[in-house]
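Protein chains: 2
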Amino acid sequence: MKRRLPSLNALRAFEAAARLGRMSAAADELAVTHGAVSRQIRHLEEVLGVPLFAGSKARPTLTDAGRALLPGLTDGFDRMDAAVRACVDADGATLDVSCLSTFLMRWLIPRLHRFNAANPGIDVRLRAADQAVDIDRERFDVIITVDESPSAATPPATLTLFAEMLGPVAAPALLPAPSPDGAADLRPLPVLHTKTRRNAWAMWSAAANLPPPDPARISTEFEHYYYTLEAALAGLGVCVAPWHLVADDVRSGRLLAPCGFHASGYVYVAQWRRRNRKTERFCAWLAEEAAAIAAAPQAFPPPADLPNS
Amino acid sequence: MKRRLPSLNALRAFEAAARLGRMSAAADELAVTHGAVSRQIRHLEEVLGVPLFAGSKARPTLTDAGRALLPGLTDGFDRMDAAVRACVDADGATLDVSCLSTFLMRWLIPRLHRFNAANPGIDVRLRAADQAVDIDRERFDVIITVDESPSAATPPATLTLFAEMLGPVAAPALLPAPSPDGAADLRPLPVLHTKTRRNAWAMWSAAANLPPPDPARISTEFEHYYYTLEAALAGLGVCVAPWHLVADDVRSGRLLAPCGFHASGYVYVAQWRRRNRKTERFCAWLAEEAAAIAAAPQAFPPPADLPNS
DNA sequence: TTCATTCTGTGAGTTTACCGCACATAGGAT
DNA sequence: ATCCTATGTGCGGTAAACTCACAGAATGAA
């Protein structure tokens, strides 16, 4: 006897609302508006020909029919969810990674060829996401982000990659001849800012215990950190950059960091929900790569008055 | 941990295709085209990041991932289906009845008040359906139809209501004074036909062993049997009518049936899939009502040459 | 009581998912 | 070789589903 299921989306909306007791809560869980849930449930009631919720509009309660319907649906959805999880945990499925966009472009992608070479069977799918990603809702295997508020009720597994170290960098062509100790005078240089991280200079100055640059100095603001770094490389001015994003450039001499780097307080972390072979391999590789660039020249003795007047 | 299910419709399409082994079969089951199933599965593969079918296009086979996904989905959908069935079987739900439209209007609806009075807790929802209704696919509790091809592999439970008895009827005002034996001369009357049942006169003439009306006679064709009956009642001519639809009119004298009625071979039946309290009550009531009108005057001696020249 | 808050119901308008159609493509069978 | 069967896909249309904004109704606090 064939199945005769009503709209699956309506069933899902009802299941969430019935389980949580409120349509608004279901709307949150399903990432839709309460109106959408309300309509879906009404539609389901019409199709089935039986009221599922009753009582006051502000505090609806399940009817007998609703109570009869709920457990089977919850069970059914749970089983389907388990099946999907098992499927995407299999080795053949891609490894989905969410990552801060600048980190993605300047750190992860340049190194990823090594992971691919070592793990030819694992297909990595990258996605740039600069706003907070809800690891409970989105289907990512690993999320690389900065640890700001470790307040989640059930915190996901977390691998600390490294603490962010900030320091001013600029192209060598822009700087006057460095003094014998390697320091250079940054004061005359234009200052580069980034719209999405306006507190970069302030964070650095607090961490380095040095005054921020004079607001009166020539400055340019870019939409994206990636542009700012490119601008610094192109010799447009000096910007505050995280060590891990410029380590290769500093080591190769494409950028100079005359003031060294200081911890900003941010910590880069990789988070995951389910440990499987793919996730383990990737996180292990991340840890290796992170360790390889960990030695930031934070001990570099900065000239006392360099960055500002 | 919240669920992270991909599109439910895509999951359903995959489940059907994987279970049946062919996308076309899934398309049949889901009552969509094969293209729709193909797209849904491709979409699912993209979202999950894992191929589910492989092999030749003409004979796709499940991948390991697909095999891992299928049983959980089947189980989940089955549980949901069971929950929905239990819910609609509950007393609070409506009783959904599909019915041939003329039968609905001229037989079921006029009698339904008695069912409602006797079963105030059961809400009947009627739907007219003149083409064949697949009781396995549509969500009806009872389907009233004519038994034509009892060839279904797993025939549903069936209640025979009565055999169809056909006979010519006309309004008394249209007929000349009847002869002493109650017969009347139908020959001069216009003949009423129905588009959806053009074989009515032929069926009757075969059953009654009388010649069909002369095609040269004045005739009118109506779109729907209901109109034809109304036309006969209004004195527009003579039509072949099933006894159960005109019994009340004949008994009250609004229609005359000078030739009596003869079995057409069609049998009216009620079918259902799941027996529950509502279905039982309704079918029992149907049987009662059917029995109450069963006595068609088929023994009425027709004049040998009445209907035709 | 009265007001503020919270939650659901709903009309209007918009987006998007989904589907059908028609054709292309590709194995497998006779 | 040719037919048959089954899936892949571009295009276009439609209905489902959603958002928005507002209304209505119950709860709790002042």
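Chains as they are written, first to last, in the working numbering: chain A, 793 to 1101; chain B, 793 to 1101.
We put the beta carbon where it would ideally sit given N, CA and C, even for glycine.
For clarity, every value in this text was computed on a predicted model and none was experimentally measured.
Item                                                                                                                                   : Value
Cβ of valine 842 (chain B) within 8 Å of any chain A Cβ                                                                                : yes
Minimum Cβ-Cβ distance from aspartate 820 (chain B) to chain A less than 8 Å                                                           : no
Cross-chain neighbours of cysteine 1031 (chain B) in chain A, by beta carbon under 8 Å                                                 : Per Cβ cutoff of 8 Å: no residues; cysteine 1031 (chain B) is ~36 Å from chain A at best.
Candidates B:Cys1031, B:Leu822, B:Leu984, B:Pro912, of which the one nearest leucine 765 (chain B) by Cα                               : The structure shown does not extend to residue 765 (chain B), since chain B is modelled only from 793 to 1101, so the question has no answer here.
Proline 1095 (chain B) to asparagine 1001 (chain B) span [Cα, whole Å]                                                                 : Only weak support is given to the placement of proline 1095 (chain B): the predicted model assigns it a pLDDT of 42, under 50, and the value that follows is read from those uncertain coordinates. Their backbone Cα atoms lie some 12 Å apart in a straight line.
Proximal residues of chain B, C-beta to C-beta of phenylalanine 869 (chain A) below 8 Å                                                : Arg795, Leu797, Gly868, Met872
Per-residue contacts from arginine 917 (chain A) into chain B (C-beta, under 7 Å)                                                      : Gly841
Residues near tryptophan 1077 (chain B) in its chain [Cβ-Cβ closer than 8 Å; skip 5 each side]                                         : Arg906, Phe907, Ala910, Asn911
Anticipated Cβ contact below 8 Å, phenylalanine 845 (chain B) with glycine 858 (chain B), distance rounded                             : 6 Å
CB-CB length for glycine 1029 (chain A) against leucine 967 (chain A), believed under 8 Å                                              : Contact doesn't hold; Cβ gap of about 11 Å is too wide.
Nearest-angstrom Cβ-Cβ length linking phenylalanine 932 (chain A) and tyrosine 1060 (chain A), presumed shorter than 8 Å               : Incorrect: roughly 16 Å between the Cβ atoms, too far for contact.
Boundaries (first-last residue) of the alpha helix (DSSP H) holding phenylalanine 932 (chain A)                                        : Careful: phenylalanine 932 (chain A) lies outside any alpha helix (DSSP H) and carries neither H nor E.
Same chain, Cβ closer than 8 Å to alanine 823 (chain B), neighbours up to 5 away in sequence not counted                               : Arg929
Cross-chain neighbours of arginine 929 (chain A) in chain B, by beta carbon under 7 Å                                                  : Lys794, Arg796
Residues of its chain near lysine 1070 (chain B), where Cβ-Cβ distance is below 6 Å and the 5 sequence neighbours each way are ignored : Leu887, Ile914
Range covered by the alpha helix (DSSP H) that runs through methionine 897 (chain A)                                                   : Careful: methionine 897 (chain A) lies outside any alpha helix (DSSP H) and carries neither H nor E.
Cα-Cα separation, tyrosine 1017 (chain B) to serine 848 (chain A)                                                                      : 47 Å
Contact set between cysteine 879 (chain A) and chain B, taken where Cβ atoms lie within less than 7 Å                                  : Leu840, Val842, Ala857, Ala860, Leu861
Boundaries (first-last residue) of the beta strand (DSSP E) holding aspartate 888 (chain A)                                            : 887-891
Amino acids of chain A, ordered along the chain, whose beta-carbon sits closer than 7 Å to that of arginine 804 (chain B)              : Leu800
Contact residues within the region 875-904 of chain B, judged by C-beta distance below 7 Å to chain A                                  : Ala875, Val876, Ala878, Cys879, Val880, Ala882, Gly884, Ala885, Thr886, Asp888
Of the residues A:Ala878, A:Arg796, A:Ile833, A:Ala860, the one placed nearest asparagine 1068 (chain A), counting alpha carbons only  : A:Ala878
Integer-rounded CB distance, given that leucine 896 (chain B) should sit under 8 Å from alanine 924 (chain B)                          : About 16 Å separates the two Cβ atoms, so there is no contact after all.
Nearest-angstrom Cα separation, counted from arginine 917 (chain A) out to leucine 892 (chain A)                                       : 14 Å
Partners in chain B for leucine 865 (chain A), counting only beta-carbon separations shorter than 9 Å                                  : Arg871, Met872, Ala875, Val876
Segment contact flag, the region 803-812 of chain B with the region 980-999 of chain A, C-beta cutoff 8 Å, min 3 pairs                 : no
Distance between beta carbons of proline 948 (chain A) and isoleucine 927 (chain A), contact taken as under 8 Å                        : 5 Å
Other residues of its chain near leucine 900 (chain B): CB distance less than 6 Å, five sequence neighbours each side excluded         : Cys891
Phenylalanine 1126 (chain B) - DSSP class collapsed to helix/strand/coil                                                               : The requested residue 1126 (chain B) does not occur in the structure, where chain B is confined to residues 793 to 1101.
Sequence-distant residues of the same chain with beta carbon closer than 8 Å to valine 938 (chain A), five excluded per side           : Leu892, Glu956, Tyr1058, Val1059, Tyr1060, Val1061
Isoleucine 833 (chain B) burial status per 10 Å Cβ neighbour count (16 or more: buried)                                                : buried
Extent of the continuous beta strand (DSSP E) to which threonine 950 (chain B) belongs                                                 : 949-961
C-alpha distance - asparagine 991 (chain A) paired with arginine 898 (chain A), whole-angstrom precision                               : 20 Å
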